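A.B. asks: Below you'll find the structure I mean.
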Amino acid sequence: MVKIELGLTEEQTFHLCGGNLIRPNWVLSAAHCFLQEDIPAMANYWIQAGFDNLQSRQIVKIETFHIHSKYNQTTFESDIAMVKLRHPIVHADDIGYVKFPRRNDPICSKAVVMGWGYTSNNVDVYQAPTIALQCGSVEIIDNSKC
1 MVKIELGLTE EQTFHLCGGN LIRPNWVLSA AHCFLQEDIP AMANYWIQAG
51 FDNLQSRQIV KIETFHIHSK YNQTTFESDI AMVKLRHPIV HADDIGYVKF
101 PRRNDPICSK AVVMGWGYTS NNVDVYQAPT IALQCGSVEI IDNSKC
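According to full-length UniProt numbering, the sequence shown is numbered sequentially starting from 1.
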């Protein structure tokens, strides 16, 4: 899990979204994180990995991002973004890559989800999301029910 942050410098940032490191220089995140009207220039995006251990923490600027071609801002269908980093994140004990599901993962088995975000549906948009990384388990369902 990585933090996607905005700021003028790497010392002065605020949390924007979460993402998952899938390769040393690629992060999988949500499209809506990058299509907000009030977000400044690309140079102000940063990825922070290893935030639980300051000695292994790594901060890297984002080079570019790609939004899923079928992303719908109204329904959030295909809310996916691929984020390319300027420099690779170095693998460490507390920095790893996401494990993608296998095609044959059994229906009704459990998967782990995590993120920062809001912990309730009824929040003021100006209320800050949780600062503690949240995690939970969900049941895997058939694609036709998704």
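Virtual Cβ for every residue (Gly too), placed ideally from N, Cα, C. As the structure is a computational prediction, the values presented were derived from the model and not from experiment.
Taking only the alpha-carbon atoms, compute the straight-line gap between GLY96 and GLU139 and give it to the nearest angstrom.
C.D. replies: Taking the straight line joining both Cα atoms gives about 24 angstroms.
A.B. asks: For GLY19, is the classification buried or exposed, using 16 other Cβ atoms within 10 angstroms of its Cβ as the cut-off for buried?
C.D. replies: Per the 10 Å Cβ criterion, buried.
A.B. asks: If distances are taken between C-alpha atoms only, which option among ARG23, HIS32, ILE22 comes closest to LEU16?
C.D. replies: Minimum Cα distance to LEU16 is reached at HIS32.
A.B. asks: Going by other Cβ atoms of all chains shown within 10 Å of its Cβ, with 16 needed for buried, is ALA49 buried or exposed?
C.D. replies: Looking at its Cβ environment, which holds 16 or more other Cβ atoms inside 10 Å, ALA49 is buried.
A.B. asks: Name the residue from ILE62, ARG57, LEU35, PRO24 whose alpha carbon lies nearest to the alpha carbon of ILE4.
C.D. replies: Looking at the Cα atoms, ILE62 is the closest of the given residues.
A.B. asks: With DSSP as the reference, please indicate the residues paired to GLN58 in a beta bridge.
C.D. replies: Paired residue(s): ALA49.
A.B. asks: Please classify ASN143: does DSSP put it in a helix, a strand, or coil?
C.D. replies: Helix.
A.B. asks: Identify whether CYS33 lies in helix, strand or coil by the three-state DSSP scheme.
C.D. replies: CYS33: helix per DSSP, three-state reduction.
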